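Take the sequence shown: its position 147, counting from 1, is numbered 147 in full-length UniProt numbering, and each next residue is one higher. Cβ coordinates follow ideal geometry from the N, Cα and C atoms, glycine included. It should be emphasised that the depicted structure is a prediction, and the values quoted were computed from it without experimental measurement. Below is one structure, written out as structure tokens; the observations come after it.
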Amino acid sequence: MRRAVIFRLGRLLPGGARGPGKRETGYFFVIPCIDSYKKIDLRVVSFDVPPQEILSKDSVTVAVDAVVYFRISNATVSVTNVEDASRSTKLLAQTTLRNILGTRTLAEMLSDRENISHQMQSTLDEATDPWGVKVERVEVKDVRLPVQLQRAMAAEAEATREAGAKVIAAEGEQKASRALREAA
1 MRRAVIFRLG RLLPGGARGP GKRETGYFFV IPCIDSYKKI DLRVVSFDVP PQEILSKDSV
61 TVAVDAVVYF RISNATVSVT NVEDASRSTK LLAQTTLRNI LGTRTLAEML SDRENISHQM
121 QSTLDEATDP WGVKVERVEV KDVRLPVQLQ RAMAAEAEAT REAGAKVIAA EGEQKASRAL
181 REAA
């Protein structure tokens, strides 16, 4: 669905955006050389937020990317209040991702993606409302850790498993020695 915002001699034509809707058929007339118009698509648009290098609250650098789904909710406002609503929303999404994730620890980033996505969506929606943009959804796609940190986490996990195995083996030996004492 599209709407056309019409300007006559550089001023917004009264009545707002034209196009198919409840009261209109979708036809509109422009006077060449006097009128100009801009077509606005009202469908949901998605874009990828490029990977952002973010320093977490616990001083770990991670690369995070996301997907944002938005639509133009008010064509007239989006044309008159901001030069390029789509580009502005993309830039705002990048900075919002950095700001929100900069206040989180690595463990929170990895385990609480849904809450982070919801917080980012509400922050973006509130900020883009004066532009006539409605942010429908935000999804954190990927949290990439540095290779050294991945190795360290893998080594820590393996050490934890080995320690657990040693504890289980020691408990088994204790039970066996108790059983031998009771049998003797």
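### Message
Could you tell me the alpha carbon to alpha carbon distance between T160 and I168, rounded to whole angstroms?
### Response
Along the sequence shown, read from residue 1 onward, the residue named residue 160 stands at position 160. Along the sequence shown, read from residue 1 onward, the residue named residue 168 stands at position 168. Rounded to whole angstroms, T160 to I168 spans 12 Å at the Cα level.
### Query
Among A4, Q148 and A163, which residue has its Cα nearest to the Cα of D41?
What you label residue 41 is simply residue 41 of the sequence shown in a count that begins at 1. Answer by Cα proximity: A4.
### Query
At which residue ranges does the UniProt domain "Band 7" (2-157) contain complete beta strand (DSSP E) runs of 3 or more residues, listed in the order of the chain?
2-8, 35-41, 45-55, 61-72 and 133-144
### Message
Report the CB separation of F70 from K134 in whole angstroms; it is logged as a contact under 8 Å.
### Response
In the sequence shown, counting from the first residue as 1, residue 70 sits at position 70. In the sequence shown, counting from the first residue as 1, residue 134 sits at position 134. About 6 Å separates the two Cβ atoms, so the contact holds.
### Message
Between A75, D48 and E108, which has its C-alpha nearest residue 187's C-alpha?
### Response
Since the displayed the chain opens at 1 and closes at 184, residue 187 lies outside it and no answer follows.
### Query
Should the segment 45-55 be called in touch with the segment 121-130, which here means at least 3 C-beta pairs below 8 Å?
no
### Message
Can you find the residues in the same chain that come closer than 7 Å, C-beta to C-beta, to L9, ignoring five residues on each side of it along the sequence?
### Response
Taking the first residue of the sequence shown as position 1, residue 9 is located at position 9. Same-chain partners within the cutoff: I34.
### Query
For Q119, which residues of its own chain have a beta-carbon under 8 Å away from its beta-carbon, when the five flanking residues on both sides are left out?
Residue 119 sits at position 119 when you count from the first residue of the sequence shown. Taken in chain order, the residues that qualify are I100.
### Query
Do you know how far the Cα of M109 is from the Cα of R144?
Locating residue 144 in the sequence shown gives position 144, counting from the first residue. Locating residue 109 in the sequence shown gives position 109, counting from the first residue. Using only the alpha carbons, I get a separation of about 11 Å.
### Query
What residue from K38, S86, K39 and V77 has the CA that sits closest to F47's CA?
Mapped onto the sequence shown, residue 47 falls at position 47. Among K38, S86, K39 and V77, the Cα nearest to that of F47 belongs to S86.
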